[in-house]
Amino acid sequence: MMGWLDYFRAVGPRITWDRSLMRGAWTVPWLQLTGWMSRPSDTGTIAYFPQPAGPWYTLPLALMRTGIRRTSDLGKADAIMIFDDRTQSNITLPITTARLINARATDVSKTQVGRLFEAIFDYPLTLDPLVHIGLMVEKSDTNGVHDGRIVTGPIASPRADCVYQTLADSTVRDGVTEDLRCVCVDGEIVVVFRKEKATRDRFAPTYLETTLREAASVLSDHERANIAQFCEMIGLDFGSIDVLRDHAGDGRIYIVDVNKTCMPVLSMPVRELNKALHQIGVAVEALILRP
């Protein structure tokens, strides 16, 4: 209960109440209970800084299924997760000998994502709206807004607070698009949440169906290697990246979003969620305990 109260006291004014969060009101306690029932012996400790991590976030839920215990004492933690849900952060890191997770992930704006993506994949995500001719995606440079929309370029007066991206047509069948949410630990894709959306809701956090996939079943060896390099360059030790494949075009993938304080897809079956959280927890535990 204290985890819930600490989080709401710290960041309550920034919370957006939507259907996903309301579903979490009963799903998260169930996931906590199943995690507590299967919890093994203690192996180490983790602290969150500068924000407390709400109990519904992926990492606290995943680590409940491992021997890693949560502590509020930074001095006694084996690992410290730099938990800051702002798009850009500028905090003073604690002086510690603990392993720091995501300490280098200080900028996950879409501008930064686009810059690093093109440097690694050698084709652009970000477009110049003043000169691009044709369809493109306009969206806020700030994470978590879900305000994407399709526009036609060139645009004489582009919005200064937005980025303009390649329109990856991820249509898999009539009226349905696909998103791949890849949960990454130390550059490795541990699980993939494959989400199907109605085309009309392609930019909204509402899904027709979500299934759990192995990374190798939806991404090539070369693509996974590039994603690992991307995680290294953006400083993402743990988090999720959203990937779209241009099924209707040339088949290439695009990393369109990075989330360093990710939440699980609460709309999927609880049994599948438990499986995914266990896999994520095991991978993060190994990272924390690695010499």
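So the mapping is simple: the numbering used here equals the position in the sequence shown, first residue as 1, plus 758. Glycine residues also receive a C-beta, built at the ideal position from the N, C-alpha and C atoms. Values in this document were obtained by computation on a predicted structure and should not be read as measured data.
Identify, in the order they occur along the chain, each residue of the same chain with its Cβ nearer than 7 Å to the Cβ of residue i, setting aside the five sequence neighbours on each side.
{"i": "V1040", "result": "T824"}
{"i": "V1042", "result": "L817, A820, L821, V943 and F996"}
{"i": "I1046", "result": "G802, I804, I826, D836, A837 and R857"}
{"i": "V949", "result": "V941, L970, A1034, Q1037 and I1038"}
{"i": "F766", "result": "The pLDDT assigned to F766 is 49, lower than 50, so where the model puts this residue is not dependable, and the model offers no usable value."}
{"i": "M1021", "result": "W814, Y815 and T816"}
{"i": "P771", "result": "Low local confidence applies: a pLDDT of 49 at P771 is under 50, so the model's placement there is unreliable, and no value is given."}
{"i": "W788", "result": "V1028"}
{"i": "L966", "result": "V934, E954, K955 and A956"}
{"i": "K834", "result": "T803"}
Measure the beta-carbon distance from residue i to residue j and round it to whole angstroms, keeping in mind my assumption that it falls under 8 Å.
{"i": "R907", "j": "F961", "result": "7 Å"}
{"i": "R827", "j": "D800", "result": "6 Å"}
{"i": "L885", "j": "Q923", "result": "6 Å"}
{"i": "P912", "j": "V895", "result": "The pair is not a contact, with the Cβ atoms about 15 Å apart (cut-off 8 Å)."}
{"i": "Y840", "j": "A861", "result": "In the sequence as presented, Tyr is not what sits at residue 840; that position holds Ile. Sure, about 5 Å apart at Cβ, within 8 Å."}
{"i": "L851", "j": "L893", "result": "That pair is no contact at about 42 Å."}
{"i": "T785", "j": "V1028", "result": "7 Å"}
{"i": "S1025", "j": "T957", "result": "Incorrect: roughly 18 Å between the Cβ atoms, too far for contact."}
Nearest CA to the CA of residue i: which residue from the options?
{"i": "Y1012", "options": "R939, G793, L791 and K834", "result": "R939"}
{"i": "A856", "options": "S847, L819, F807 and K897", "result": "F807"}
{"i": "Q809", "options": "T1019, T964 and T869", "result": "T1019"}
{"i": "T845", "options": "G1007, V949, L858 and K868", "result": "K868"}
{"i": "V871", "options": "I849, L893, S898 and A861", "result": "S898"}
{"i": "P963", "options": "N901, V930 and R862", "result": "N901"}
{"i": "T929", "options": "E954, T910, G911 and D905", "result": "E954"}
{"i": "D843", "options": "P1027, S1025, N1017 and M1026", "result": "N1017"}
{"i": "G1009", "options": "G933, D927, L994 and V921", "result": "D927"}
{"i": "P887", "options": "A914, L789, P798 and W788", "result": "A914"}
{"i": "A1006", "options": "T864, G933 and H904", "result": "G933"}
{"i": "V909", "options": "E876, N848, I891 and L1024", "result": "I891"}
{"i": "F951", "options": "R958, A974 and D959", "result": "A974"}
{"i": "D831", "options": "I853, N848 and I849", "result": "I853"}
{"i": "V921", "options": "I859, E981, A1044 and D1015", "result": "D1015"}
{"i": "A863", "options": "V1023, A1044, S1025 and L994", "result": "L994"}
{"i": "D979", "options": "I859, I947 and D1004", "result": "I947"}
{"i": "E981", "options": "G945, Y965 and L966", "result": "G945"}
Might you give, ordered along the chain, the residues of its own chain that have their beta carbon closer than 6 Å to the beta carbon of residue i, omitting 5 neighbours on each side?
{"i": "W775", "result": "With a pLDDT of 45 at W775, under the threshold of 50, the modelled position of this residue cannot be trusted; read the value that follows with caution. So no residue of the chain qualifies."}
{"i": "F1071", "result": "Summary: the structure shown does not reach residue 1071, with the chain confined to residues 759 through 1049, and so no result is reported for it."}
{"i": "A1044", "result": "none"}
{"i": "P798", "result": "G825"}
{"i": "D1004", "result": "A926, D927 and R1010"}
Among residues of its own chain, excluding the 5 on either side of residue i, which ones have a beta-carbon nearer than 8 Å to its beta-carbon?
{"i": "M759", "result": "Caution is warranted here: a pLDDT of 47 is assigned to M759, below 50, making its placement in the model unreliable, and no coordinate value can be reported."}
{"i": "P1049", "result": "none"}
{"i": "I878", "result": "N984, Q987, F988 and M991"}
{"i": "D905", "result": "K897, S898 and F961"}
{"i": "W762", "result": "At W762 the pLDDT is 48, less than 50, meaning the model places this residue with poor confidence; the figure from the coordinates comes in the next sentence. Only G812 and P813 meet the Cβ criterion."}
{"i": "N848", "result": "T864"}
Under 7 Å: does the beta carbon of residue i sit that close to some heavy atom of the ligand HEM?
{"i": "G812", "result": "Although the ligand HEM was asked about, the structure shown includes no ligands whatsoever."}
Tell me the start and end of each unbroken beta strand (DSSP E) in the segment 960-1038 that is at least 3 residues and wholly inside, in chain order.
967-971, 996-1003 and 1011-1017
Kindly confirm or deny that the segment 786-799 and the segment 1022-1040 touch, where touching means at least three C-beta pairs closer than 8 Å.
yes
I'd like to know if the segment 919-938 and the segment 986-1006 are in contact, where contact means that at least 3 CB-CB pairs between them fall below 8 Å.
Flag = yes, the segment 919-938 and the segment 986-1006 touch.
Just to confirm the assignment: which complete alpha helix (DSSP H) runs, minimum length 4, are found wholly within the segment 917-964?
You should have found no qualifying run.
Fully enclosed by the segment 777-849, which alpha helix (DSSP H) runs are 4 residues long or longer?
Runs found: 777-795 and 816-821.
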